[in-house]
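If you count by my numbering, then the sequence shown holds residues 1215 to 1446, one letter each, in order. All residues carry an ideal CB built from backbone N, CA and C; glycine is no exception.
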Amino acid sequence: MLHLKSVLTPAEVAEARAILESAQWEDGRVTSGSLPASIKRNRQLPAQGASTQALQQLVLQALRRNQLFFSAALPNRIAPPMFNRYDAADGVEQGDYLADHVDVALRYLPDGERVRTDMSCTLFFSDPEEYDGGELVVSSSWRDEHVKLAAGDMLLYPGDKIHRVNPVTRGCRFASFIWLESMIRNEQQRNLLFQMDRDLMALRAQAQGQQSPAITGLTGAYHNLLRMWAQG
């Protein structure tokens, strides 16, 4: 998992919030797919609405300029971002939630093409103090990670992880959820390339613009591994 800070600028967060707060929402269970409808209670923006399209453009533009996101995910195709809200229910003990599940392996795009969901992203539009509950919980073999990030921050995690959103008990949690297919299907290979790229960034910063045979050689090794492993 990777916490990406300030994927959106404060101005972009404000723009997105204005759209989200005035948008028309639909029952999130319409996108449950093969999963039982009881797995979640939330609301989502209609996939083809004007509000959705404006937000998708904003989010995809932010992802395209984020070097750390590209380095970690090495995206081949990104499914159109979707948007949801989780509210605390008036007079009901349990608010909106998403139960434990694993994302489906393939998502179909509007043009009929398929995206393999190698990685998932949750981009937050609400600050943690705006709501209680609503933690994104991502499970691994050794522990559960409970995540509430600042508005504009994003969590990137493998698509094969069991995860859930705890019930919201106060306020409202706005977020975007995004699936992507990586050029590097194998998670270990992808993580190795990410570590190499981060180390190369650090070496270049230390070298203050001066190229060295070591940096040249390591850069070549990185790109040769990428060439060897990349798909699509």
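{"Asked": "Between 1370, 1414 and 1412, which lies nearest to residue 1395 when the distance is taken from Cα to Cα?", "Found": "1370"}
{"Asked": "Among 1295, 1222 and 1311, which one has its Cα closest to the Cα of residue 1254?", "Found": "1311"}
{"Asked": "In chain order, what residues of the same chain have a beta carbon less than 6 Å from the beta carbon of residue 1291, not counting five sequence neighbours either side?", "Found": "1329 and 1395"}
{"Asked": "In this structure, how does DSSP classify residue 1355 when only helix, strand and coil are distinguished?", "Found": "coil"}
{"Asked": "Less than 7 Å between the beta carbons of residue 1264 and residue 1339, yes or no?", "Found": "no"}
{"Asked": "Using the Cβ count rule (16 or more neighbours within 10 Å means buried), how would you classify residue 1235?", "Found": "exposed"}
{"Asked": "Keeping to the same chain, check which residues put their C-beta closer than 6 Å to that of residue 1392; ignore five residues upstream and five downstream.", "Found": "1295 and 1335"}
{"Asked": "Do residue 1381 and residue 1362 have their CB atoms nearer than 7 Å?", "Found": "no"}
{"Asked": "Less than 8 Å between the CB atoms is what I'm expecting for residue 1257 and residue 1298, so what's the real figure, rounded?", "Found": "7 Å"}
{"Asked": "In terms of residues, what are the limits of the beta strand (DSSP E) holding residue 1230?", "Found": "Premise fails: residue 1230 lies in the alpha helix (DSSP H), 1224–1236, not in any beta strand (DSSP E)."}
{"Asked": "Roughly how far, in whole angstroms, is the beta-carbon of residue 1347 from the beta-carbon of residue 1309, given that I think they are within contact range, below 8 Å?", "Found": "7 Å"}
{"Asked": "Rounded to a whole number of angstroms, what is the C-alpha to C-alpha distance between residue 1304 and residue 1360?", "Found": "25 Å"}
{"Asked": "Are at least three pairs of beta-carbons, each pair with one atom in the region 1403–1419 and one in the region 1427–1439, less than 8 Å apart?", "Found": "yes"}
{"Asked": "Straight-line CA distance for residue 1405 to residue 1286?", "Found": "7 Å"}
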